[in-house]
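Just so we're aligned, residue 3 is where the sequence shown starts under this note's numbering, counting upward by one. Think of the CB as a built atom: it goes at the ideal place given N, C-alpha and C, for glycine as much as any other residue. As the structure is a prediction and not an experimental result, all values here were calculated from the model. Below: one structure, written as structure tokens.
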Amino acid sequence: MWNNKKIPLVSMTVMALAIGSTYVSALETQVGETTVGLYGYARLNMAYNFDRDAGSANEGYFAEVAGSEDEGDVGDQFQMSATQSRIGFRTSTPVEGSTLDTVIEGDF
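Following this line, the structure appears as structure tokens:
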């Protein structure tokens, strides 16, 4: 059953979806005839648990913010994690009428 405390949780979830993933557009430079680029993103997950009753919606690898209450206490709880990010490096070089492209990506 919905109560007044859970309505802000829905609003915060929508806001977190809007700002939770930050994508950095490619930074590119020219080195001789080669174009070199660096790109990536980081995703931030946030949850605000009213009265610690979120249940399965609050599962995951979340870190409690310093100063939060002990798990045995009943009260609101803010948790956050950054469990996904990507960084990539790419080059593009013209070679005899064609283009040689390379991409190296790392996820962590």
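Bridge partner(s) assigned by DSSP for residue i
| i | result |
| --- | --- |
| L29 | L40 |
| A49 | Q81 |
7 Å CB neighbourhood of residue i in its chain, flanking five on each side removed
| i | result |
| --- | --- |
| V105 | G90, R92 |
| F110 | S87 |
| P96 | E35 |
| L102 | T95 |
Cβ distance (whole Å) where residue i is taken to contact residue j below 8 Å
| i | j | result |
| --- | --- | --- |
| Y50 | S87 | That pair is no contact at about 23 Å. |
C-beta atoms of residue i and residue j nearer than 8 Å
| i | j | result |
| --- | --- | --- |
| E30 | T36 | no |
| M82 | L46 | yes |
Residue i versus residue j: straight-line alpha-carbon distance, rounded
| i | j | result |
| --- | --- | --- |
| F52 | D78 | 4 Å |
| Q32 | S94 | 10 Å |
| T85 | S100 | 39 Å |
| M48 | F80 | 7 Å |
Nonlocal neighbours in the same chain, by C-beta distance under 6 Å from residue i, ignoring five residues either side
| i | result |
| --- | --- |
| G108 | I89 |
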